[in-house]
Amino acid sequence: MLLSFLEEKSFTYMITMSQTRELLRRILKAFNADENYIDTIVNELEELGVEAIIEEGELLLHTGVRVLGKGQNSVVVKCLYKGETCACKILRPDASRRDLIHEAHMLQIANKVNVGPRIYSYRAHIIVMQLIRGVKIEKYVQETSNKFKIKKIVIDLIEQAYNLDEIGLEHDELSRPEEHVLIENDVPYIIDFESAKYRGRRTYRNLTQILNALLVGRSKVAFKIRNMLNINDVTSIIQLLREYKKNSSREIVNKIVSYIDTV
Ligand SMILES: Nc1ncnc2c1ncn2[C@@H]1O[C@H](COP(=O)(O)OP(=O)(O)O)[C@@H](O)[C@H]1O
Ligand SMILES: [Mg+2]
423 MLLSFLEEKS FTYMITMSQT RELLRRILKA FNADENYIDT IVNELEELGV EAIIEEGELL
483 LHTGVRVLGK GQNSVVVKCL YKGETCACKI LRPDASRRDL IHEAHMLQIA NKVNVGPRIY
543 SYRAHIIVMQ LIRGVKIEKY VQETSNKFKI KKIVIDLIEQ AYNLDEIGLE HDELSRPEEH
603 VLIENDVPYI IDFESAKYRG RRTYRNLTQI LNALLVGRSK VAFKIRNMLN INDVTSIIQL
663 LREYKKNSSR EIVNKIVSYI DTV
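Here the sequence shown stands for residues 423 to 685, numbered as in the numbering used here.
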């Protein structure tokens, strides 16, 4: 009885693994991966204990497969890990980086102050992390007509950026929040720590980058946010950011938050 149960389980697992291999081949072929590279990824997935890859997501690759997203260096797919749906970030064979180890370390540090998707495990070419069932910030602000929701997102991002500033982890790409913030259930998540640098001493750059991009800049997102929050003149924000650059303290952050709260 027990034996037949086990046999059944492993049989199901084998089928899933071979299907996963086939799916992975179609995903990685979109980036001209050779068989060697596909083997490397399959081995790492097995080592990590990833149970399956799930074909689902916003983005359709030219090989006809759906994935969660892709960037210059990676492709991100939905997967099953310890019985939960997660996200697997897989290094592209044509990436300019050799591995995802630095990014995994940066994400672990960010997680210590509750920033970023939770990282569960990693190998040289794969990061298994929390799946964010979210939309990009640009889509979110275009579709939201609720001023308070926008304020909440901006304030939440200020707090997250401040947390990163305090521990000295510079994300370095927050001047393009369009690509680096996903929003799930009105909660923003900062993603993609590939360019992050750990300074180990307080910095000001996360907060100044993201607020410049969200409130001061000329992007569609900034226009929409200023419009929603009735901000016609950005000199007060620029002034506050200058103060913060000189003195990256909680006190200045509180001033920035209360400014946004009252507009
Ligand atoms: N944890 C996640 N959950 C859901 N989707 C994700 C997650 N991480 C990344 N993505 C999607 O994958 C895309 C590429 O990821 P990103 O980390 O920016 O890759 P790259 O380092 O190659 O630029 C993102 O724009 C996003 O759409
Ligand atoms: Mg990127």
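Backbone N, C-alpha and C define an ideal beta-carbon position, used for all residues, glycine too.
Note that the coordinates shown come from a computational prediction; the quantities given were computed from them, not determined experimentally.
Margin query: Mapping the DSSP letters down to three states, classify Thr566 as helix, strand or coil.
Written below: coil
Next item on the list: Quick one: grab the DSSP three-state call for Ser543.
Entry: strand
Notebook entry, point to check: Is the beta carbon of Ile632 sitting closer than 9 Å to the one on Pro599?
Noted result: yes
Notebook entry, point to check: Who are the near neighbours of Gly505 in its chain, counting only those whose CB is closer than 6 Å to its CB and skipping five residues on each side?
Noted result: none
Next item on the list: Kindly examine ligand 2 and report whether one of its heavy atoms sits closer than 8 Å to the Cβ of His527.
Entry: no
Margin query: Tell me which residues share the same chain as Arg443 and place their Cβ nearer than 6 Å to its Cβ, disregarding the 5 neighbours each side in the sequence.
Written below: Val464, listed in sequence order.
Checklist line | the segment 616-631 / the segment 517-526 touching (three or more Cβ pairs under 8 Å) | finding: yes
Note to self: Can you tell me whether Asp456 sits near ligand 1, meaning its C-beta is under 8 Å from at least one heavy atom of the ligand?
What the structure shows: no
Notebook entry, point to check: In its own chain, which residues sit with a C-beta less than 7 Å from the C-beta of Glu477, not counting the 5 before and 5 after it?
Noted result: Leu445, Val487, Arg488
Next item on the list: Going by CA-CA distance only, name the one from Val472, Gly493, Glu457, Thr462 that's closest to Glu601.
Entry: Gly493
Check: Contact between the segment 643-653 and the segment 557-575: three or more CB pairs below 8 Å?
Finding: yes
Checklist line | Near ligand 1: Arg516 beta-carbon under 8 Å from a heavy atom | finding: Sequence check: residue 516 is Asp here, not Arg. Flag unset: Cβ of Asp516 not near ligand 1.
Checklist line | Asp578 CB to nearest heavy atom of ligand 2 below 8 Å | finding: no
Margin query: If distances are taken between C-alpha atoms only, which option among Asp456, Ile449, Tyr542 comes closest to Gly491?
Written below: Ile449
Next item on the list: From the DSSP output, in three-state form, read off Leu482 for me.
Entry: Under the three-state reduction of DSSP output, Leu482 falls in the strand class.
Check: So, is Ser567 buried or exposed, given that buried needs 16 or more other C-beta atoms within 10 angstroms?
Finding: A residue is called buried when at least 16 other Cβ atoms come within 10 angstroms of its Cβ; Ser567 does not meet this threshold and is exposed.
Checklist line | Reference His484, options Gly471, Glu665, Phe453, closest by Cα | finding: Phe453
Margin query: I need the residues with a C-beta less than 5 Å from some heavy atom of ligand 2; please give them in chain order.
Written below: Gly493, Asp614
Notebook entry, point to check: Asn536: beta carbon under 8 Å from a heavy atom of ligand 1?
Noted result: no
Note to self: Quick check: the segment 495-505 against the segment 588-598, are at least 3 beta-carbon pairs closer than 8 Å?
What the structure shows: no
Margin query: Quick check on Thr507: does DSSP put it in helix, strand or coil?
Written below: strand
Next item on the list: Name the residue from Ser543, Leu586, Ile605, Ser518 whose alpha carbon lies nearest to the alpha carbon of Arg555.
Entry: Arg555 has its Cα closest to that of Ile605, out of Ser543, Leu586, Ile605, Ser518.
Notebook entry, point to check: To the nearest whole angstrom, what separates the beta carbons of Asn634 and Leu663, a pair I think is in contact under 8 Å?
Noted result: 7 Å
Notebook entry, point to check: How is Pro515 classed by DSSP in three states: helix, strand or coil?
Noted result: coil
Next item on the list: Starting from Tyr626, follow the beta strand (DSSP E) in both directions and report where the run begins and ends.
Entry: Per DSSP, Tyr626 belongs to no beta strand (DSSP E) and is neither H nor E.
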